[in-house]
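Asker: For the sequence shown, UniProt numbering assigns the number 1 to the initial residue and increments by one for each residue that follows. A virtual CB, placed ideally from N, CA and C, is assigned to each residue, including glycine. Please find one structure pasted underneath; my questions will follow.
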Amino acid sequence: RLLEVREVYEMLGHEVRLETLSPEELAEECGDCRLALELFRVVYTRRKLGAIRDDAVEDEAQEKKAAEQVTGNPGRSE
1 RLLEVREVYE MLGHEVRLET LSPEELAEEC GDCRLALELF RVVYTRRKLG
51 AIRDDAVEDE AQEKKAAEQV TGNPGRSE
């Protein structure tokens, strides 16, 4: 299932990093938790740089279109 999660995020334009959890980060009294950590992975995601730029351009175009509808004047937002 972990590889499926990775694939979905990558298809959505994200960078994906998978890491194992470190038992050393838990307190001594969490012995049972340490065993359970072997069953889990941490999934870090972030949007790829190009995807962020594309979204910003799209957002800017939508804002311009909305301003034109409000003012009735193409190219003016006042």
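1) Can you tell me which of the three DSSP states Arg76 falls into?
2) Which residues bound the alpha helix (DSSP H) around Leu3?
3) Could you work out which residue in Val43, Gly50 and Arg47 is closest to Leu18 when comparing CA atoms only?
4) Beta-carbon separation of Arg41 and Leu2 under 8 Å?
5) From the DSSP output, in three-state form, read off Leu21 for me.
Answerer: Result, derived from the coordinates:
1) With a pLDDT of only 47 at Arg76, under the threshold of 50, the placement of this residue in the model should not be trusted; the figure read from the coordinates follows. In the structure shown, Arg76 sits in coil (DSSP, three-state: anything other than H, G, I, E or B).
2) From DSSP, the alpha helix (DSSP H) with Leu3 extends over Leu2 to Met11.
3) The shortest C-alpha separation from Leu18 is found at Val43.
4) At a Cβ-Cβ threshold of 8 Å, Arg41 and Leu2 count as neighbours.
5) DSSP, reduced to helix, strand and coil, places Leu21 outside both helices and strands of the structure shown, so it counts as coil.
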